Amino acid sequence: MAYSPALLPVEQLPMLKNGAYSSTIQTTSYHRVSFAQETDLYFSGLGVNKTVYDTGMNLVKHLGESDQQVKMPAGQYVVKLHFWSSNTKSVNVTSPGLQ
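Start counting the sequence shown at 42; every next residue gets the next number (our numbering).
1. Note down, in chain order, each residue of its chain lying with its Cβ closer than 6 Å to the Cβ of SER127, except the 5 sequence neighbours on either side.
2. Report yes if the CB atom of GLY88 is closer than 8 Å to the CB atom of THR129, and no otherwise.
3. At a Cβ threshold of 8 Å, is GLU79 touching chain B?
4. Can you find the residues in the same chain that come closer than 7 Å, C-beta to C-beta, to ASP108, ignoring five residues on each side of it along the sequence?
5. Quick one: using the 10 Å Cβ neighbour count with 16 as the cut-off for buried, is HIS123 buried or exposed?
6. Enumerated in chain order, which unbroken segments of the beta strand (DSSP E) with a length of 3 residues or greater are wholly contained in the region 55-139?
7. With a cut-off of 8 Å on the beta carbons, I'd call THR92 and HIS103 a contact; round off their distance for me.
8. Going by CA-CA distance only, name the one from VAL132, VAL120 and ASN133 that's closest to SER75.
Below you can see the structure in the form of structure tokens.
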């Protein structure tokens with residue numbers, strides 16, 4: 042599933058929060074996130090590719106499947122979680138800048 046801000050405003054995407062995201066099927070989800078100041082964003086898990094875009098869907102950072110920490114400048118972003126594995130599909134997201 043692809044996302045386009047022309048079809049659904051970024052403000053209508055679910056907010057990315059601290060916690061676990063998982064799926065029992067192969068699927069893709071999109072989440073919005075906003076940071077008032079530079080902050081660290083941590084991803085850990087298996088079977089999920091993570092990609093960060095700006096709100097115009099321009100690539101900011103492709104994180105792949107591996108556990109990653111990324112320093113995010115202040116701003117608004119769209120995070121794509123692609124649950125691709127036929128087995129384990131789960132990712133934990135944590136950041137002091139998230140709820």
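Glycine included, every Cβ here is placed at the ideal spot set by N, Cα and C. On a predicted model such as this, the values are computed, not experimentally measured, just so you know.
Judging by the given coordinates:
1. Counting from 1 along the sequence shown, the entry for residue 127 is found at position 86. Around SER127: no qualifying Cβ.
2. The sequence position of residue 88 within the sequence shown is 47, counting from 1. The sequence position of residue 129 within the sequence shown is 88, counting from 1. Taking the C-beta atoms as reference points, THR129 is found nearer than 8 Å to GLY88.
3. Any reference to chain B falls outside this structure, which holds one protein chain only.
4. Locating residue 108 in the sequence shown gives position 67, where the first residue counts as 1. So the list reads PHE84 and SER85, once near-sequence residues are dropped.
5. Here the question's residue 123 lines up with position 82 in the sequence shown. Burial call: buried.
6. The beta strand (DSSP E) runs lying completely inside the region 55-139 and spanning 3 residues or more are 60-63, 68-76, 80-87, 89-95, 100-105, 109-113, 116-124 and 131-135, given in chain order.
7. Position 51 of the sequence shown, counted from the start, is the residue given in the question as residue 92. Position 62 of the sequence shown, counted from the start, is the residue given in the question as residue 103. At roughly 5 Å, the Cβ-Cβ gap stays under 8 Å, so THR92 and HIS103 are in contact.
8. Start at 1 with the first residue of the sequence shown, and residue 75 comes out as number 34. Nearest of VAL132, VAL120 and ASN133 to SER75, Cα basis: VAL120.
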